[in-house]
């Protein structure tokens, strides 16, 4: 003999459906987006350039910390009921953290860091 579902089991089933819906429609895309955040470091004789995609992030969402010789870039965003965070750490020996220069425009992130003691050349036009 099968008993009809009780009111309690219907409520629990509804709660499970809400949780599953929230997970599939919100948590999975956020996790996928964090995996898509790609930052690459390029080393030159006189410094480093870090570039990549940080979609849907603003300058206020990004934190840059340098503790020699490691540079950590963190991006976090509060999105309704969900909090997303991602970070990458780079080994940058001889980086001059007092001369960092960066930008974030339309989800494209650029950061340049010269090396300590690096000689930068400037080209001047002859007058």
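In my numbering, the protein residues as written are -2 to 124. For each residue, glycine too, the CB sits at the ideal point set by N, CA and C.
Taking one beta carbon from each stretch, the region 106 to 116 and the region 40 to 53 have 3 or more pairs nearer than 8 Å; the two touch.
For residue 66, there is no enclosing beta strand (DSSP E), as DSSP marks it with neither H nor E. With respect to the C-alpha of residue 90, the residue from 35, 63, 59 having the closest C-alpha is 63.
Check the Cα spacing between residue 81 and each of 47, 52, 37: the tightest is with 52.
The three-state secondary structure of residue 82, taken from DSSP, is strand. Residues 110, 111 of the same chain have their beta carbon placed closer than 8 Å to that of residue 96, with the five preceding and five following residues left out of the count.
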